[in-house]
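First up is the structure itself, then whatever we jot down about it.
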Amino acid sequence: MIQSTQTQINAENNYLVAEGNSNQNIVHVQNTEPNENVLINYSYDIGKIIDLGPSQILNLPDEEKYLYLKETWSPPRNYKLPCSEQQEGQRLERRHLNLGHINSFPWLAFSHMHQGLFCKYCVIFCSVKEKFSLKGLVTIPVTKFAKLTGKDGILQSHNDNKYHKNASISGQSFLKMYKNPSLDIRNEISSKRLEQIKENRARLIPSIKTIKLLGRQNIPFRGHRDDGLFFPTETECESSVTSNEGNFRELLKYRIDAGDKILETHLKTCSSKATYISKTTQNELIESCGTEILVTIKNRIFSSKYYCILFDETTDLSHTSQMSLVVRYLYDNNIYEDFIGFINCHTAAYPADVNEIENFDPVMRGKVIGQTALKLLKSVQLNPSLCVGIGTDGCEVMVSEQVGAVQEIKKKTLVAERCACFNHMLNLSVSKSSQVQAIRNLVGSIKEIVASFNASPKRQFILKSTLKHHIEGLCETRWTERHDSVLRFKNDFKKIVEGLDKISAWRESASSRKASLYKIAILNFEFIVALFCLSELLSITQPLSVIFQKKNLDKTQATDILTSTLHALMEKRSLSENNFNKLWEQIEEYSDDLGIHPQMPRLP
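full-length UniProt numbering puts the last residue of the sequence shown at 604; the count rises by one with no breaks.
As structure tokens, this is what we get:
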């Protein structure tokens, strides 16, 4: 465990040196890990935005710029700051960085990610042309601490530079205007402009709140028609009494009916091209909400530092290969599993030119899936070397030692371990382990009977009038339902037989014939024995399937629970004769109630 942790630290340091330290042959950075017992929040480490590039930094949202300037991460008092080693003649002298250096200038910030010093104003507000020529404190960290202070020191020299003074003025003006827009020189010149800004923002608030409501409740936005005049004429009203303009527009009308005068005034007085309720504006606002959510998730992950990824690839209804990625991490002593996004695997892996697609294999191979997952991590600025776990299913494309997706990701993550999905393995074991013909016949009969009841409203009515509820099918992907469906079928067996009995008396030949065949199949002593035996085993594995789906379950707990379940099954096997005798008594009693007599099964 200690070796694994040290490997992770070394891997992280290597990544940081490769990205930001061009003086690695001169400077030697000592161990900089803080006290492990102290929880440190690394959000808004100024070094995180360095890799974005000059143009992307200038285009950061104002909120992020503000947070990186005002909430800049700084090392706590117990943090072990780095030092550099400098050759002075025959001696190797060590120069330590301390908090006094960092606090000497308000613009100076230390980056844990890059283990060096930056000027936060220059990082964000220096022009793109200047950044291409500037290095220390701007585009790369200062990691050589020999001549920091003094008249000709690195920090004072930087403080006197013209480009730094211009960036500082821009940064300080930005901070003032962010909290008080009235200080913007354009707004000071024209008070009407400031009022217009406030009014425009107020007009957007009802739309934003409506979008948040629909998103939180998982309600679709659009109807058959979601454009055109919001307030139709009298003629249009008469012809569209039953029309549905979609949930978004209908909720806006509901807000107006409830007394939202700002929204009503806006939609009655604005130009038809400036309503800001079109599907285009809806999509833009949805993307903005998604960006805000992603920023919150990323900040929690940055605070956590280490994380695991869970991903899978499948083909959706539009026959498009889609990958979903979830990040699992620990934040504030709670385990989070947050969805990061979907990505089209073909779009990410192959050229955009449709004509060139013919030259590529359309099959999603493990290498392509792994590279796609890494691209998605990079797009949200997550450092792959801080990934310590990879969760996938057990298919060959994912776990192949030579060309699997996991192996492709491990080339970048270095110390990440694959953690198999225990529930997926349990489901496969339960599904594939039995070679007993009676069990396979039992499962097949249950599937067909449930499907027959669900295929007809009339048959479903008979079932509900008898059972007072519907019965669950054996879903291939919802593993808990596979357990529940067999156990419920056993509990409701007599009522199901009663329902089939009623259907078999119908004049409608197809339904009555099928119901009669189903009755013959299940009113069979071999079927009853198989049903009781399978229910006995699934009653042990069913709690396991439920527990394995909890997100706060770690690998150690899962292994302990699995071991306990295996011990319980082994104990049943060791006492199989006694257990089966007890089960046989239940089977005989149950069969007598149904009028079924024990008989030997036919030999194959």
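Ideal Cβ placement from N, Cα and C applies to all residues, glycine included.
Helix, strand or coil for residue i per DSSP?
{"i": "M323", "result": "strand"}
{"i": "L330", "result": "strand"}
{"i": "R459", "result": "helix"}
{"i": "E199", "result": "helix"}
{"i": "L531", "result": "helix"}
{"i": "V142", "result": "strand"}
{"i": "L204", "result": "helix"}
{"i": "G259", "result": "coil"}
{"i": "Y307", "result": "strand"}
{"i": "Y336", "result": "strand"}
{"i": "C122", "result": "helix"}
{"i": "E313", "result": "strand"}
{"i": "G404", "result": "coil"}
{"i": "G136", "result": "strand"}
{"i": "C270", "result": "coil"}
{"i": "E64", "result": "helix"}
{"i": "M570", "result": "helix"}
{"i": "Q371", "result": "helix"}
{"i": "S278", "result": "coil"}
{"i": "P543", "result": "helix"}
{"i": "L302", "result": "Strictly speaking, residue 302 in this sequence is Phe, with Leu absent from that position. If DSSP states are grouped into helix, strand and coil, F302 belongs with the helices."}
{"i": "P54", "result": "helix"}
{"i": "Q586", "result": "helix"}
{"i": "A505", "result": "coil"}
{"i": "L16", "result": "Model confidence at L16 stands at a pLDDT of 34, short of 50, so the residue's coordinates are unreliable and nothing is read from them."}
{"i": "L382", "result": "coil"}
In this structure, what does DSSP give as the bridge partners for residue i?
{"i": "S111", "result": "G116"}
{"i": "H96", "result": "C83"}
{"i": "A420", "result": "T392"}
{"i": "G366", "result": "Note: G366 sits in no beta bridge, so no partner."}
{"i": "N344", "result": "Q322"}
{"i": "E526", "result": "Bridge partners of E526: none, in fact."}
{"i": "E88", "result": "R91"}
{"i": "C387", "result": "Y307"}
Taking the alpha carbon of residue i as the reference point, which residue from the options has its own alpha carbon closest?
{"i": "D226", "options": "L252, I205, T265, L213", "result": "L252"}
{"i": "Y590", "options": "D560, L538, N524", "result": "N524"}
{"i": "I390", "options": "K410, Y178, T565, T280", "result": "K410"}
{"i": "Y307", "options": "L330, E93, H319, T315", "result": "L330"}
{"i": "S379", "options": "T392, G341, G366, H346", "result": "G341"}
{"i": "I439", "options": "A521, L377, L382, G246", "result": "A521"}
{"i": "K212", "options": "R573, N247, I49", "result": "N247"}
{"i": "K305", "options": "Q381, A274, L374", "result": "Q381"}
{"i": "E93", "options": "E85, L99, G100", "result": "E85"}
{"i": "V99", "options": "V399, A451, C126, P75", "result": "The sequence as given places Leu at residue 99; Val does not occur at that position. When only C-alpha atoms are compared, the closest one is P75."}
{"i": "residue 672", "options": "E417, E88, H96, A258", "result": "Outside the displayed range of the chain (1 to 604) lies residue 672, so it cannot be described from this structure."}
{"i": "E448", "options": "N552, F489, H114", "result": "F489"}
{"i": "L487", "options": "Q460, S511, P543", "result": "P543"}
{"i": "L538", "options": "D316, W506, V397, S429", "result": "S429"}
{"i": "T372", "options": "V388, I343, N423, S170", "result": "I343"}
{"i": "M425", "options": "E337, E313, F548, G370", "result": "F548"}
{"i": "F339", "options": "N333, D332, V327", "result": "V327"}
{"i": "I335", "options": "I297, T314, L317, E313", "result": "I297"}
{"i": "P106", "options": "F302, H164, M323, S485", "result": "H164"}
Under 7 Å Cβ to Cβ from residue i, same chain only, skipping five residues before and after it: list those, please.
{"i": "L263", "result": "P206, L252, R255, I256"}
{"i": "I46", "result": "Y68, T72, A109, S111, F118, K120, V123"}
{"i": "D260", "result": "P206"}
{"i": "V142", "result": "G116, L117, G136, I154"}
{"i": "L294", "result": "V380"}
{"i": "L442", "result": "F527, A530, L531, L534"}
{"i": "D592", "result": "none"}
{"i": "E408", "result": "G366, K367, G370, Q371"}
Quick one: what's got a C-beta closer than 8 Å to residue i's C-beta in the same chain, skipping five residues either side?
{"i": "D492", "result": "L467, I471"}
{"i": "I277", "result": "S207, F230, F248, R249, L252, L267"}
{"i": "V529", "result": "A438, I587"}
{"i": "L583", "result": "F532, C533, E536"}
{"i": "S445", "result": "Y518, A521, I522, F527"}
{"i": "L175", "result": "Y66, L69, K70"}
{"i": "K495", "result": "T466, L467"}
Is there a Cβ from chain B that is less than 8 Å from the Cβ of residue i?
{"i": "L325", "result": "Here chain B cannot be found, since the structure has a single protein chain."}
With a threshold of 6 Å on Cβ separation, who are the neighbours of residue i within its own chain once the five nearest residues in sequence on each side are excluded?
{"i": "L463", "result": "F453, G499"}
{"i": "R222", "result": "G246"}
{"i": "H346", "result": "S321"}
{"i": "A515", "result": "L500, I503, S504"}
{"i": "G595", "result": "none"}
* Could you give the uninterrupted runs of the alpha helix (DSSP H) lying entirely in the region 153-177, keeping only those of 4 residues or more? -> 154-160
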